[in-house]
Amino acid sequence: MAQSTPDPSKIAKGKCPICGDPTEYEQRPFCSRRCANIDLYKWLSNGYAIAGKADEDEDGDDANAAAPPSGARPAGGDEGED
Ligand SMILES: [Zn+2]
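Reading the sequence shown from the start, the letters are residues -7 to 74 in the numbering used here.
Spelled out as C-alpha cells, the structure:
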C-alpha cells in the first residue's frame, strides 16, 4: 500500500480567479485563503456600496419624519388596571 497516486478528488482543477494560480482543493475556487478573502471583500464592498447608500438616505428621512418626540407617552397608569 505504498501508492503515491494523489487522491483525484484533491487535485486542483481550475485556476484562481484572483491571481491565476492553480486552485487549491480546500480553497477552491481560489488558490489560497488570501485570494478567497480578496474576492469576498470585493463582493461585499460592492454590495454594501449600493445598498448602503440608498438605505442611508431613506432611513435618515424616515427617521426624522416619523420619529415621535421623546417622552410622548400617555401618562397615568393608575386607572385601576388591577
Ligand atoms: Zn490566488
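No residue lacks a Cβ here, since even glycine has one placed at the ideal position from N, Cα and C.
In this text the structure is predicted, and so the values were computed from the model without any measurement.
In the assembly as shown, C11 is an exposed residue. Its beta-carbon has fewer than 16 other beta-carbons within 10 Å. The C-alpha of R25 lies about 9 Å from the C-alpha of E16. In terms of Cα proximity to C23, the closest of K34, I30, C8 and N29 is C8.
Taking C-beta separations shorter than 7 Å and ignoring five residues to either side along the sequence, the partners of Q19 in its chain run R25 and A28, following chain order.
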